[in-house]
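Some notes on the structure that comes next.
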Ligand code: ZN
Ligand code: FE
């Protein structure tokens, strides 16, 4: 059986607007968590699914991604894999990765893609064999993370890297349910983008029904996410920035969002 057929993914809310994610392979019994905002939410999710946690991947050092890590590691004994850059900040890390490293968790081959900007340590995790990625606080649906530790150039270069490395069909998971707010902002940048209008309406329906808007796909984000679209001539034109390069357009969009 193909790995995709034996894989199940469980996503659930943590804290106010963070996500917990569990990736499970029924054949090997491998279960991988990405980030631990809250240990109790993970404990409930593991009990509900009956899965035994084997690995924890960390995207970055912010408290809302590692707050529950110590407790979850203690209660499960799972192996923690995280950014080398944050080894000192996250004492629970057993194994560190740098850009381009590949780790194996049971049957899963997982690529570490360094995507700094929001923080310097940020890693996006890519599981190419099942077409799944977790982009932490770098890429959100219809948005991107605030640029805290890096600069605009770094963040644009990280988003460009995701554009290059993640195929269109990739299902994208991320750190936060910010999509409804992001949709409102995105429409101020590209009010006439029909795909964006459609996605914004869908997001409104999903949220009204109490459902999550994630995962999204790279294909959908390429068509609708203004931050990924900074290189499109139509976006530069909409901002009165004809002839400016993608990085300058990205910086303008990010600055507008920061001040929105
Ligand atoms: Zn963060
Ligand atoms: Fe966060």
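In our numbering, the protein residues as written are 9 to 268. Glycine included, C-beta positions come from ideal geometry on N, C-alpha and C.
Going by the CB atoms, is the gap between residue 222 and residue 182 shorter than 8 Å?
-> Against the chain shown, residue 182 aligns to sequence position 174. Against the chain shown, residue 222 aligns to sequence position 214. The Cβ atoms of residue 182 and residue 222 lie closer than 8 Å to each other.
With DSSP as the reference, label residue 227 as helix, strand or coil.
-> In the chain shown, residue 227 corresponds to position 219, counting from 1. When DSSP states are grouped into helix, strand and coil, residue 227 belongs to the helix group.
Cβ of residue 145 versus every heavy atom of the ligand ZN: is any distance shorter than 7 Å?
-> Start at 1 with the first residue of the chain shown, and residue 145 comes out as number 137. Correct: residue 145 has its Cβ closer than 7 Å to the ligand ZN.
Using only the heavy atoms of the ligand ZN, determine whether one of them is closer than 7 Å to the beta carbon of residue 126.
-> Your numbering for residue 126 matches position 118 in the chain shown. Yes, the ligand ZN has a heavy atom inside 7 Å of this Cβ.
Tell me residue 179's beta-bridge partners as DSSP assigns them.
-> Residue numbering aside, residue 179 sits at position 171 when the chain shown is read from its first letter. The partner list for residue 179 (beta bridge, DSSP) reads 140 and 225.
Would you decide whether residue 244 is buried or exposed? Buried here means 16 or more other CB atoms lie within 10 Å of its CB.
-> What you label residue 244 is simply residue 236 of the chain shown in a count that begins at 1. Under this definition residue 244 is a buried residue.
Would the beta-carbon of residue 232 fall within 8 Å of that of residue 212?
-> Within the chain shown, residue 232 is the residue found at index 224, counting from 1. Within the chain shown, residue 212 is the residue found at index 204, counting from 1. Taking 8 Å as the Cβ cut-off, residue 232 and residue 212 do not qualify as a contacting pair.
Residue span of the alpha helix (DSSP H) that contains residue 101, given as start and end = Counted from its first residue, the chain shown places residue 101 at position 93. Where residue 101 is concerned, there is no enclosing alpha helix (DSSP H), given that its DSSP letter is neither H nor E.
State whether the region 124 to 142 contacts the region 61 to 71, with contact taken as three or more CB pairs (one from each stretch) at a distance under 8 Å.
-> The region 124 to 142 is in contact with the region 61 to 71.
Residue 82: buried (16+ other C-beta within 10 angstroms of its C-beta) or exposed?
-> Reading the chain shown from its first residue, position 74 is the one you call residue 82. So residue 82 counts as exposed.
Figure out for me which residue from 40, 207 and 93 has the closest Cα to the Cα of residue 190.
-> Here residue 190 corresponds to residue number 182 of the chain shown, with the count starting at 1. It is 207 whose Cα lies nearest to the Cα of residue 190.
Among all the DSSP beta bridges, which residues are the ones paired with residue 261?
-> The residue labelled residue 261 in the question sits at position 253 within the chain shown. Residue pairing by DSSP places residue 261 opposite no residue, since no beta bridge is assigned to it.
For residue 12, does the count of other Cβ atoms within 10 angstroms reach 16, so buried, or fall short, so exposed?
-> The residue given as residue 12 occupies position 4 in the chain shown. Note on residue 12: under 16 other CB atoms within 10 angstroms of its CB, so exposed under the neighbour-count rule.
Where residue 40 and residue 197 are concerned, what is the direct C-alpha to C-alpha distance, given to the nearest angstrom?
-> Locating residue 40 in the chain shown gives position 32, counting from the first residue. Locating residue 197 in the chain shown gives position 189, counting from the first residue. Residue 197 has its alpha-carbon roughly 37 Å from the corresponding atom of residue 40.
When DSSP builds the beta bridges, which residues end up paired with residue 17?
-> Numbered from 1 along the chain shown, position 9 holds the residue referred to as residue 17. Bridge partners of residue 17: 31.
Classification of residue 194 by the beta-carbon crowding that lies within 10 angstroms, buried from 16 upward | Taking the chain shown and counting its residues from 1, one reaches residue 194 at position 186. Residue environment analysis places residue 194 among the buried positions, since at least 16 neighbouring C-beta atoms fall within 10 angstroms of its C-beta.
Distance cut-off 7 Å: residue 73 Cβ against heavy atoms of the ligand ZN = Your numbering for residue 73 matches position 65 in the chain shown. Residue 73: yes, Cβ under 7 Å from the ligand ZN.
Quick one: grab the DSSP three-state call for residue 26.
-> Working through the chain shown from its first residue, we reach residue 26 at position 18. Three-state DSSP puts residue 26 in a strand.
State yes or no: is the C-beta of residue 45 within less than 8 Å of the C-beta of residue 72?
-> Against the chain shown, residue 45 aligns to sequence position 37. Against the chain shown, residue 72 aligns to sequence position 64. In contact: residue 45 and residue 72 (Cβ atoms closer than 8 Å).
So residue 8 is in the alpha helix (DSSP H); what residue range does that whole segment cover?
-> A query on residue 8 cannot be resolved here, the shown segment of the chain reaching from 9 to 268 and no further.
Under 7 Å from any heavy atom of the ligand FE, does the C-beta of residue 63 make it?
-> Along the chain shown, read from residue 1 onward, the residue named residue 63 stands at position 55. No.
Taking only heavy atoms of the ligand ZN into account, decide whether any of them is closer than 7 Å to the Cβ of residue 76.
-> Working through the chain shown from its first residue, we reach residue 76 at position 68. It does not: the Cβ of residue 76 is nowhere closer than 7 Å to a heavy atom of the ligand ZN.
Within the chosen definition, does the region 85 to 103 reach the region 45 to 58 through at least 3 CB pairs nearer than 8 Å?
-> In the pairwise beta carbon analysis, the region 85 to 103 is classified as not touching the region 45 to 58: fewer than three pairs are separated by under 8 Å.
Figure out for me which residue from 247, 90, 47 and 120 has the closest Cα to the Cα of residue 108.
-> In the chain shown, the residue the question calls residue 108 occupies position 100. Taking only the C-alpha atoms, the option nearest residue 108 is 120.
Reduced DSSP category for residue 120 - H, G, I as helix; E, B as strand; rest coil = To locate residue 120, count along the chain shown from 1; it is residue 112. Three-state result, residue 120: strand.
Do you know how far the Cα of residue 94 is from the Cα of residue 49?
-> As a working note, residue 49 is residue 41 in the chain shown. As a working note, residue 94 is residue 86 in the chain shown. Each residue's alpha carbon lies about 24 Å from the other.
Outcome for residue 26 when other beta-carbon atoms lying within 10 angstroms are tallied against a minimum of 16 | Translated into the one-based positions of the chain shown, residue 26 becomes position 18. Around the beta carbon of residue 26, a 10 Å sphere encloses 16 or more other beta carbons of the protein chains shown; the residue is thus reported as buried.
Inter-residue Cα distance where the pair is residue 250 and residue 242 = For this step, residue 250 is matched to residue 242 along the chain shown. For this step, residue 242 is matched to residue 234 along the chain shown. Using only the alpha carbons, I get a separation of about 9 Å.
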